[in-house]
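Asks:
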Amino acid sequence: MSNIQLLGLTKRFGDIVALDDVSFDIGPQEFVTLLGPTGAGKTTTLRCVVGLEKVDSGELWVDGENINNLPPGQRNMAFVSQHYALYPHLTVYRNMQFPLDKTNMSKEEKNARIERIADVLHISHLLKRFPSKLSGGEMQRVVIGRAMVRSPRLFLLDEPLSNLDAKLREELRFELKRLQKESGSTTLYVTHDQIEAMSMSDRVVVIYKGKVQQIGTPADIYSNPANELVSTIVGSPSMNLLPVMIEDGVFHVASNGHHANLPELYKGILPRGNYNLGVRPEDVKIVADETPNSIKAETYLIEAFGYEKLVQIKLGAHHLRARVSPRMALKVGDKINILFDERKVRFFDANGNLVRV
Amino acid sequence: MAIIGLRDVVKRYGQTVAVNHVSLEIKDGEFLVLLGPSGCGKTTSLRSIAGLEDVDEGQILIDGVEVNNKRPAERDMAFCFQQYALYPHLTAYNNIAFPLRTQNVPKAEIDRRVHEVCSLLQIEDIFNRKPKKLSAGDQQRVALARAMVRQPKVYLMDEPLSNLDAQLRADMRVELRRIQLQNKVTTIYVTHDQVEAMAMADRIAIMNQGVLQQVGTPEEIYAYPATLFVANFIGSPSMNFLNCKFDKGSFSLAIKSNGETLQFQIPHSIIQNLTHLQDGQDLVLGVRPEDVIISTTPIENGIQVHLVITENLGSENIHHLERNELHLVSRTSPGDIYNEDQQLWVYLEPEGIRLFDKETEKAI
């Protein structure tokens with residue numbers, strides 16, 4: 106239950122700046138996720154925190170103590186990586202006991218701890234087995250269990266679910282989150298999977314090319330992405346970005362020349378010019394009748410998912426996606442009218458940054 | 006343009022039955038997806054259709070004619086596999102043109118066709134580059150273009166999008182499907198990704214352990230899964246499953262959890278289909294997350310639960326609910342928020358309730 110602070114971390118590998126002035130904090134019992142594509146600097150950040158990499162500049166603080174010069178072994182952090190290695194010649198129980206060997210904990214206490222954590226992770230029935238007799242999901246749970254028995258100050262997880270199949274990932278995502286909630290361990294989680302980040306985190310730190318792009322709750326990052334990059338990283342399918350020209354309270358769609366009124370919120374605020382209009386697929390409405398604010402378009406493809414339909418919509422050369430009810434009857438090539446939810450429309454300026462109002 | 010048939014096809018590797026008596030007909034112009042987990046026999050089935058594997062039993066038919074003994078080249082099918090093996094010494098253009106050159110198509114015609122397919126896939130600007138100078142996405146596009154430049158009777162595709170990142174995969178599946186809708190070439194597409202299958206297919210054939218489980222439109226498979234395997238494999242989050250016993254006297258289901266027994270009244274709309282069931286028969290009740298409706302007040306035939314975790318996915322909320330060892334997942338709009346101390350009840354939408362025989366794992 107610790108408070109971790111990263112202050113202006115910078116890390117270079119030769120000419121490459123892997124981390125560029127990275128700052129964020131993790132509160133006691135908080136679950137923070139570092140989200141970004143491959144090469145964004147997520148794992149480097151984690152390795153700096155745990156002490157496997159030395160930072161070039163910046164400070165690391167844990168509960169008011171500067172740990173920059175503390176060796177990894179003394180940082181009391183548990184690290185679970187994507188490539189999990191269990192000792193093949195030891196049973197699950199012995200694997201989990203291993204990190205406790207060097208402590209002066211009593212035998213009873215060790216045993217109680219292992220059993221409690223095994224119970225939470227649903228691996229009690231596996232304690233006597235050897236790793237070679239475990240499935241991928243079971244192995245992953247054991248690795249997590251082994252990291253947890255020590256009750257570390259900080260729990261660091263690097264893509265722990267990425268080697269598992271989709272169903273198991275879904276299941277473990279829930280179990281891991283529940284475990285964290287129940288044990289109250291302060292957690293820094295790394296993933297490139299936005300669904301994991303959205304579903305598990307108290308807060309998400311979006312990182313790209315070594316720079317922090319945005320820090321916020323999943324809901325905030327989803328509805329107010331700080332820039333176009335974040336808007337495409339979070340959400341699946343991602344936010345639609347539609348080039349528009351704004352003048353006199355109206356936006357003109359660049360790809361087909363149609364126009365509609367700006368949402369009230371933005372009237373008189375946005376200077377004339379070119380923007381990208383950002384709108385989530387669920388906020389694109391397909392309406393039966395033309396209205397003063399609707400835009401004419403054509404359906405390009407319909408994908409039916411059972412509980413929803415995704416409609417690919419053609420606006421001249423530009424495409425948008427809309428998420429609609431599975432009951433909406435549509436076919437390819439239909440002429441339709443679309444409307445954007447006024448409250449949910451966002452605008453990004455020429456630099457790709459969100460216009461905040 | 007072709008109708009492809011598999012008639013009672015069996016393929017063994019030593020003791021393992023990779024494809025176990027599979028019969029299937031793919032209609033002319035249809036986009037059929039072979040879906041299943043790794044090792045289910047989908048790729049072996051595809052390779053058997055292609056002629057890259059000899060089948061041990063049964064027939065492969067093209068337009069009603071058995072082709073078991075025809076070599077791959079004689080079957081007039083174009084492949085695109087996951088390992089897209091482009092010729093490293095040829096430019097993108099020459100890679101794509103290659104299948105036409107081998108058929109002695111006139112040069113002008115080759116040029117026209119290559120440009121046509123490349124404009125569809127939006128890769129005209131990379132014509133002169135060799136494969137190693139291309140991004141993974143562009144390599145994949147070139148491989149697709151090479152398969153599509155011919156107008157074969159059939160396209161066979163094995164996970165052609167699996168090396169791409171999520172966004173590109175979503176965009177490419179749209180393009181691929183659009184091209185197929187235009188040229189109407191019969192297509193058999195293999196994937197393990199149920200989202201891709203749902204999005205692209207006219208019909209899905211879902212396999213497990215060499216056995217064909219169900220063939221149907223995405224809507225049919227989602228709404229009326231034929232087996233527990235299909236019900237679990239399709240949809241994310243998965244369908245909820247509750248073990249229960251059938252009580253014939255009251256037409257209700259007894260759901261046991263930690264010693265307590267919940268009596269769940271079977272909706273009238275499905276009672277008529279259940280008259281053949283035995284009293285006390287073990288069943289599994291399946292219900293999709295969107296059909297688990299949360300109420301903050303007691304509700305008739307409802308189950309009292311508490312909230313464990315809500316996952317906010319932006320476009321929807323996924324609520325994990327529990328009562329003792331019963332675990333239910335509910336999908337709601339993102340505005341629906343509950344807290345963990347709140348008393349909650351869930352109600353299962355009658356139209357969404359599916360029953361399976363626990364022993365045979367088949368839908369009732």
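For the protein sequence lines, the chains are B and U, in the order given. Going by the numbering used here, the final residue of the first sequence carries number 462, and the count climbs one at a time with no gaps. Going by the numbering used here, the final residue of the second sequence carries number 369, and the count climbs one at a time with no gaps. Note that CB positions come from ideal geometry on N, CA and C, so glycine has one too.
#1: Which of the three DSSP states, helix, strand or coil, is assigned to F410 of chain B?
#2: Tell me, please, which residues DSSP counts as bridged to I348 of chain B.
#3: What are the residues that DSSP puts in a beta bridge with N213 of chain U?
#4: List the residues that DSSP assigns as beta-bridge partners of G10 of chain U.
#5: Using the C-alpha atoms, what's the distance from R328 of chain U back to L239 of chain B?
#6: Just the C-alpha distance for S290 of chain B and P176 of chain B, rounded to the nearest angstrom, thanks.
#7: If we count Cβ pairs, one from each stretch, closer than 8 Å, do we get three or more for the stretch 55-65 of chain U versus the stretch 235-255 of chain U?
#8: Answer yes if the stretch 215-223 of chain B comes into contact with the stretch 266-273 of chain B, meaning at least three C-beta pairs across the two stretches below 8 Å, and no otherwise.
#9: Within the same chain, show all residues whose beta-carbon is closer than 7 Å to that of V309 of chain B, passing over the 5 residues directly before and after it, in chain order.
#10: Taking a contact to mean a Cβ-Cβ separation below 9 Å, would you say V297 of chain U touches S243 of chain U in this structure?
#11: Using CA atoms only, rank isn't needed, just tell me which of B:P133, B:L114, B:I131 is closest to D125 of chain B.
#12: So, does the CB of Y227 of chain U fall closer than 9 Å to a CB anywhere in chain B?
#13: Along the chain, where does the alpha helix (DSSP H) that runs through D120 of chain B open and close?
#14: At the level of alpha carbons, what is the spacing between S300 of chain U and L290 of chain U?
#15: Could I get the ranges of all uninterrupted beta strand (DSSP E) runs contained in the stretch 156-229 of chain U, with 3 residues as the minimum, in chain order?
#16: What does V339 of chain B reach in chain C if we use C-beta pairs closer than 8 Å?
#17: Please look up how many angstroms separate the CB atoms of E387 of chain B and S320 of chain U, rounded, as I've assumed it's under 8 Å.
#18: With H, G and I counted as helix, E and B as strand and the rest as coil, what does DSSP make of D250 of chain U?
#19: Let me know the alpha helix (DSSP H) ranges lying completely inside the stretch 92-129 of chain U, each 4 residues or longer, listed in chain order.
#20: Against chain U, does D439 of chain B count as a neighbour if the rule is that its beta carbon must be under 9 Å from one of theirs?
#21: Take the Cβ of E58 of chain U as the centre, count every other Cβ of all protein chains shown within 10 Å, and call the residue buried at 16 or more, exposed below.
#22: Bridge partners of D341 of chain U, per DSSP?
#23: Counting only the same chain and skipping the five closest in sequence on each side, list residues whose C-beta sits under 7 Å from that of T148 of chain B.
#24: Let me confirm a value: D33 of chain U is counted as buried when at least 16 other C-beta atoms fall within 10 Å, else exposed. Which label applies?
#25: Span of the alpha helix (DSSP H) holding N200 of chain B?
#26: Using beta carbons (cut-off 9 Å, strictly below), is I300 of chain B in contact with chain U?
#27: Three or more C-beta pairs closer than 8 Å, one from the stretch 439-450 of chain B and one from the stretch 402-412 of chain B: is that the case here?
#28: Here's the rule I'm using: 16 or more other beta-carbon atoms within 10 Å means buried, otherwise exposed. How should P193 of chain B be labelled?
#29: So, under 8 Å CB-CB, R377 of chain B and I351 of chain B are touching, yes? Tell me the CB distance rounded to an integer number of Å.
#30: Pick from U:Q20, U:Q127, U:N213, U:K158: whose alpha carbon is nearest that of K189 of chain U?
#31: Taking the straight line between their C-alpha atoms, what separation do you get for N213 of chain U and P77 of chain U?
#32: Using Cβ-Cβ distances below 7 Å, what residues of the stretch 151-181 of chain U are close to chain B?
Replies: Reading from the atomic positions:
#1: Reduced to three states, the DSSP call for F410 of chain B is coil.
#2: Inspection of the sequence shows that residue 348 of chain B is occupied by Pro rather than by Ile. The partner list for P348 of chain B (beta bridge, DSSP) reads B:N381.
#3: As a beta-bridge residue in DSSP terms, N213 of chain U pairs with U:V216.
#4: The beta-bridge partner set that DSSP reports for G10 of chain U consists of U:E30, U:L66.
#5: L239 of chain B and R328 of chain U have their C-alpha atoms roughly 29 Å apart.
#6: A straight line joining the alpha-carbon of S290 of chain B with that of P176 of chain B spans about 21 Å.
#7: Counting Cβ pairs under 8 Å, fewer than three are found: no touch.
#8: As far as the Cβ criterion goes, the stretch 266-273 of chain B does not touch the stretch 215-223 of chain B, which means the pair count is below three.
#9: Counting only Cβ-Cβ distances below 7 Å, and skipping sequence neighbours, we find T138, L140, A302, G321, P323, I326.
#10: No, these two residues do not count as a Cβ contact at 9 Å.
#11: Here the closest residue by C-alpha is B:L114.
#12: Yes, contact with chain B.
#13: Run containing D120 of chain B: none; DSSP gives neither H nor E here.
#14: Using only the alpha carbons, I get a separation of about 20 Å.
#15: As far as the stretch 156-229 of chain U is concerned, its whole beta strand (DSSP E) runs of at least 3 residues are 159-163, 191-196, 208-213, 216-221.
#16: In summary, chain C is missing from the structure at hand, where the protein chains are B and U.
#17: Taking a contact as a CB-CB distance under 8 Å, the pair E387 of chain B and S320 of chain U counts as one, their CB atoms being some 5 Å apart.
#18: Residue identity check: residue 250 of chain U is Lys in the sequence provided, not Asp. Strand.
#19: Taking only runs of at least 4 residues, the alpha helix (DSSP H) segments lying wholly in the stretch 92-129 of chain U are 97-106, 112-126.
#20: Chain U, which has no Cβ nearer than 9 Å to the Cβ of D439 of chain B, makes this no.
#21: The residue is buried, with at least 16 neighbouring Cβ atoms inside 10 Å.
#22: Residue pairing by DSSP leaves D341 of chain U without any beta bridge partner.
#23: The residues are D263, V295.
#24: Looking at its Cβ environment, which holds fewer than 16 other Cβ atoms inside 10 Å, D33 of chain U is exposed.
#25: Note, N200 of chain B: alpha helix (DSSP H), 197-202.
#26: It does; some Cβ of chain U falls within 9 Å.
#27: They touch, by the three-pair rule.
#28: Burial call: exposed.
#29: The distance from the Cβ of R377 of chain B to that of I351 of chain B is about 6 Å, consistent with a contact at the 8 Å cut-off.
#30: The residue with the shortest Cα to Cα distance from K189 of chain U is U:K158.
#31: Between the C-alpha atoms of N213 of chain U and P77 of chain U there is a straight-line separation of about 26 Å.
#32: Within the stretch 151-181 of chain U, A171, Q172, A175, V179 place their CB atoms closer than 7 Å to a CB of chain B, listed in sequence order.
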